[in-house]
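All the letters of the sequence shown, read from the start, carry residue numbers 2 to 141 under this note's numbering. Glycine included, each C-beta is placed from N, C-alpha and C at the ideal position. Keep in mind it's a predicted model, so treat the numbers as computed, not measured.
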Amino acid sequence: IWIVAQSAHETAYWTSNVFKANNNGFGMKMPSQRNSPYILGPGTQPPAGEGPTPYAKYSNIENSTRDIVHWLNYHNVNWNAITTPQQYVQFLRSKNYFYGSESTYINNVASFADQLQGYIGGSGMLDIALLGLLVYFAFR
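Next comes the structure, spelled out in structure tokens:
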């Protein structure tokens with residue numbers, strides 16, 4: 002759920018130029034160290050305050066979703082240690098995923114996750130198949 006909420010935050014609910022122009026559902030930039038088989042190449046340039054690294058461009062939303070899972074695995078996410086949106090966002094911050102306000106990021110992810118939880122019921126993380134379906138249909 003938090004990954005979908007992360008996407009909602011990063012793309013301003015799937016309305017941002019980065020999302021639309023690059024099929025980039027997570028605000029991913031071109032990696033400097035990690036190799037990703039899912040990225041087509043450089044996409045749009047970020048605003049001046051975000052540095053010179055361009056956003057990553059994907060052939061489709063599915064590859065953008067695969068890439069965030071690839072990124073999380075590359076950074077050895079320990080899902081057993083992450084039980085709250087705050088812990089998830091703090092993990093992202095610890096890996097330099099974002100540089101903006103941590104409290105705003107946490108609030109947005111927690112709020113969207115709560116809304117999504119209300120639609121699907123239950124608790125805890127969704128399995129990757131359900132996550133893929135949710136993300137796929139959210140981006141269509």
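Cα-Cα separation between residue i and residue j, rounded to whole angstroms
i, j, result
"Thr84", "Val90", "11 Å"
"Leu73", "Pro55", "20 Å"
"Asp115", "Ser104", "16 Å"
"Tyr100", "Ile4", "18 Å"
"Tyr53", "Arg67", "A small correction: the amino acid at residue 53 is Pro; Tyr does not occupy that position in the sequence shown. Computed Cα separation, rounded: 24 Å."
"Arg94", "Tyr14", "20 Å"
Chain-order list of residues whose beta-carbon lies under 7 Å from that of residue i (same chain, five-residue window excluded)
i, result
"Ala22", "Gly44 and Thr45"
"His71", "Ser37 and Tyr39"
"Phe92", "Val78 and Ile83"
"Ala111", "Pro86"
"Phe20", "Thr12 and Gly26"
Beta-carbon spacing of residue i, residue j below 8 Å
i, j, result
"Ile69", "Met31", "no"
"Gln87", "Ile107", "yes"
"Phe27", "Ser65", "yes"
"Leu117", "Ala6", "yes"
"His10", "Asn81", "no"
When the options are compared against residue i, the one with the closest alpha-carbon
i, options, result
"Glu51", "Arg35, Tyr98, Asp115 and Leu117", "Tyr98"
"Gln34", "Ala111, Ser95, His76 and Arg67", "His76"
"Asn169", "Leu117, Pro47, Arg67 and Ile2", "Because the chain is modelled from 2 through 141, residue 169 falls outside the range shown and cannot be assessed."
Contacts around residue i, its chain only, beta-carbon distance under 6 Å, and the 5 residues preceding and following it disregarded
i, result
"Lys96", "His76"
Cutoff 8 Å; reference residue i; Cβ partners in own chain excluding five residues on either side
i, result
"Ser60", "Asn24 and Leu41"
"Thr16", "none"
- Query: Can you list the beta strand (DSSP E) stretches of 3 or more residues lying completely in the segment 43 to 81, in chain order?
  - Reply: none
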